[in-house]
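Numbered by my numbering, the letters in the sequence shown go through residues 4 to 124 in order. Notes follow once the structure below has been shown.
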Amino acid sequence: PGVSPPCTEKRIRLPKTFLCYSPPHNGFPDLSAPPCLKTGGAVITFGSFNTLAKMQNGVIFLWAAVLRAVPSSRLLVKSRALTDPNVRERVSSLFAACGVSASRLDLMGLLPDNSSHLNAY
């Protein structure tokens with residue numbers, strides 16, 4: 004809103020897009036303590052909120068190495084594709100092949116709105 008500072012490029016404002024910033028209509032979620040504090044630091048949760056196309060074998064191998072190096076850690080992976088049970092099984096099996104049990108993975112699919120997405124962080 005208001006007057007924008009000068010730019011050399013032509014600006015195009017896109018309404019209602021997922022990745023263009025606009026403040027949430029119902030406000031920001033309350034900040035909460037990181038999950039590791041609930042376990043006294045015993046469990047650390049790493050996270051990747053990305054498209055699965057970017058999580059190829061090399062990336063899974065590296066995430067698995069991180070999880071093996073931090074034995075009580077978990078990995079939260081959020082991606083639209085993980086809504087499909089077959090995709091979830093495939094991702095779990097790829098991690099299992101790298102020595103990481105599915106019990107250490109939190110696979111999250113598409114959430115219904117931006118507020119739910121922000122709360123997942």
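Just so it is clear, CB atoms sit at the ideal spot from N, CA and C, and this is done for glycine as well. No experiment lies behind these values; they were computed from the predicted model shown.
Separation of Thr54 from Leu34, as counted between CA atoms: One-based indexing of the sequence shown puts residue 34 at position 31. One-based indexing of the sequence shown puts residue 54 at position 51. So the alpha carbons of these two residues sit roughly 25 Å apart.
Span separating the alpha-carbon of Leu85 from that of Lys57: Looking up residue 85 in the sequence shown gives position 82. Looking up residue 57 in the sequence shown gives position 54. Cα-Cα distance, rounded: 13 Å.
Three CB pairs or more closer than 8 Å across the region 94–112 and the region 35–47: no
Reduced DSSP secondary structure (H/G/I, E/B, other) of Val62: One-based indexing of the sequence shown puts residue 62 at position 59. Here Val62 sits in helix by DSSP.
C-alpha distance - Phe64 paired with Pro8, whole-angstrom precision: For the purposes of this step, residue 64 is identified with residue 61 of the sequence shown, where counting begins at 1. For the purposes of this step, residue 8 is identified with residue 5 of the sequence shown, where counting begins at 1. So the alpha carbons of these two residues sit roughly 45 Å apart.
Host beta strand (DSSP E) of Ser51 (start-end): Along the sequence shown, one-based indexing puts residue 51 at 48. Segment Thr48 to Phe52, the beta strand (DSSP E) holding Ser51.
Straight-line Cα distance separating Tyr124 from Phe31: Numbered from 1 along the sequence shown, position 28 holds the residue referred to as residue 31. Numbered from 1 along the sequence shown, position 121 holds the residue referred to as residue 124. Cα-Cα distance, rounded: 12 Å.
Leu108 (DSSP reduced to helix, strand or coil): One-based indexing of the sequence shown puts residue 108 at position 105. Residue state, collapsed to three classes: strand.
CB of Leu17 within 7 Å of CB of Phe49, strictly: As a working note, residue 17 is residue 14 in the sequence shown. As a working note, residue 49 is residue 46 in the sequence shown. Taking 7 Å as the Cβ cut-off, Leu17 and Phe49 do not qualify as a contacting pair.
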